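A.B. asks: One structure is given below, represented as structure tokens, and several questions about it will come after.
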Amino acid sequence: MNDYLVKAYAFDGMARIYAAKTTNLVNEARKIHGTWPAATAALGRVLTGSVIMGAMYKGDIALTIRIDGGGPIGGIVVTTNANGEVRGYVGNPEVHASTNEDKLAVGYVVGKDGFMHVTKDLKVRDIFTSSSALQTGEIGDDFAYYFVISEQIPSSVGLGVLVKEDNSVMASGGFILQLLPGAQKKTDLVDQIEANIKALLPVSEMIKREYSPERIIEEITKGNHQIVETLPLKWACDCDKDRFARGLLSLGVKELEEMVNENKTIETECHFCRKKYQFEPNEIQKIYEAAKVNIKDV
Ligand code: ZN
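Going by the numbering used here, the residue at position 135 of the sequence shown is 1019; the numbering climbs one at a time, nothing skipped.
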């Protein structure tokens, strides 16, 4: 089954709900970065929560989600858009820890001494960032808190990743349920939603049992919903050599001049997909010339 997301309105229009299966894209991330199991789970949860957050928007937007909790993973960065494309990396992929119950210790490797930052580039106005304090470092709680604090939307978030013995990803997915205006006053409804969510299997367990995103929504709403959209999800990095050339240009004339004098091939690497781009001495020379022209223009 390919990765995809389903969006639905639920409880007679009082809530919206998104459910996603992300097993393949999280496994792709694991292969690219060589993450150890707890790091795979942490990155996978952030990739899943982020790609769902992206699906809340329309059109040409870019979201960057950064989580810095002070734990051994050393930070997580994910970017996504409204089209179901997502990519990300962690500071230190080779970290692993389990809890006493033999579960992946995501909260420990992420840490909770820090913030979740969400930067939105809606491509029409200024870029803006909002931040919320991390709650547990377990990611699902941190996304839920972010929605409440930064967007004033009461939300319930479930994110989960299961890793196989061979370190590959067995199951990954998540859901986000958000109350719409007016729902909070209906305490019976809120109680019912809370009870339904409490009765759920862990989301990674549902994906492992091959529950589709539609079935996960069904489990939460008991059938009181209408599906409005289905979106394929995939790992995607849009880096190219031009972007790295602009990065070199931004180093400035002095540093570029040193590089020209060293006369060496420069290798740059994309943090997100680990793709390497080489710049030969003649290319460095061109970038240096361009930097000098820029200075004259000022
Ligand atoms: Zn890349």
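Backbone N, C-alpha and C fix where the C-beta goes; we use that ideal spot for every residue, glycine too. Since we're looking at a predicted model, the values are computed, not measured.
So if DSSP puts M1191 in a beta bridge, which residue, or which two residues, is it bridged to?
C.D. replies: With the chain covering 885 to 1182 only, the question about residue 1191 has no answer from this structure.
A.B. asks: Once the 5 residues before and after C1123 are set aside, which same chain residues still bring their CB inside 7 Å of it?
C.D. replies: Counting only Cβ-Cβ distances below 7 Å, and skipping sequence neighbours, we find C1154, F1156, C1157 and K1159.
A.B. asks: Mapping DSSP to helix, strand and coil, what is Q1036?
C.D. replies: Three-state result, Q1036: coil.
A.B. asks: Would you say the beta carbon of F1156 is closer than 6 Å to some non-hydrogen atom of the ligand FAD?
C.D. replies: You won't find the ligand FAD in this model; what it holds is the ligand ZN.
A.B. asks: Is K1159 near the ligand ZN, in the sense that its beta carbon is under 6 Å from a heavy atom of that ligand?
C.D. replies: Yes; taking the cut-off as 6 Å, the Cβ of K1159 has a heavy atom of the ligand ZN nearer than that.
A.B. asks: For the segment 1077-1088 against the segment 1109-1124, are there 3 or more C-beta pairs whose distance is under 8 Å?
C.D. replies: Verdict: no, contact absent.
A.B. asks: Could you give the distance in angstroms between the alpha-carbon of K1125 and the alpha-carbon of I1081?
C.D. replies: Straight-line Cα distance between these residues: approximately 46 Å.
A.B. asks: If we call anything under 7 Å between Cβ atoms a contact, is T948 one with T1003?
C.D. replies: Yes, Cβ-Cβ distance for T948 and T1003 is below 7 Å.
A.B. asks: How would you write the range of the beta strand (DSSP E) that K891 sits in, first residue to last?
C.D. replies: Looking at the DSSP string, the run of the beta strand (DSSP E) that includes K891 is Y888 to A894.
A.B. asks: I'd like to know if the segment 997-1011 and the segment 1026-1037 are in contact, where contact means that at least 3 CB-CB pairs between them fall below 8 Å.
C.D. replies: Contact between the segment 997-1011 and the segment 1026-1037 is present, because at least three Cβ pairs lie under 8 Å.
A.B. asks: Could you tell me the boundaries of the beta strand (DSSP E) in which L1063 lies?
C.D. replies: Its beta strand (DSSP E) spans residues V1053 to L1063.
A.B. asks: With distances taken Cα to Cα, identify the nearest neighbour of L909 among L889, A894, R900 and Y893.
C.D. replies: Considering only alpha carbons, the answer is L889.
A.B. asks: Consult DSSP for K1170 and reduce its assignment to one of helix, strand or coil.
C.D. replies: Here K1170 sits in helix by DSSP.
A.B. asks: Hey, out of F1031, T919, A904 and Y1172, whose CA is closest to G1044's CA?
C.D. replies: Of the listed residues, the one whose Cα sits closest to G1044 is A904.
A.B. asks: Start and end of the beta strand (DSSP E) containing K905?
C.D. replies: Looking at the DSSP string, the run of the beta strand (DSSP E) that includes K905 is A899 to K905.
A.B. asks: For a quick check, are the C-beta atoms of V1144 and A1175 less than 7 Å apart?
C.D. replies: Going by C-beta atoms, V1144 is not nearer than 7 Å to A1175.
A.B. asks: Tell me whether S982 sits in a helix, a strand or coil according to DSSP, three-state version.
C.D. replies: Residue state, collapsed to three classes: strand.
A.B. asks: Going by DSSP, name the residue or residues bridged to I1111.
C.D. replies: A892.
A.B. asks: Does DSSP put D1122 in a helix, in a strand, or in coil?
C.D. replies: Three-state DSSP puts D1122 in coil, outside helix and strand.
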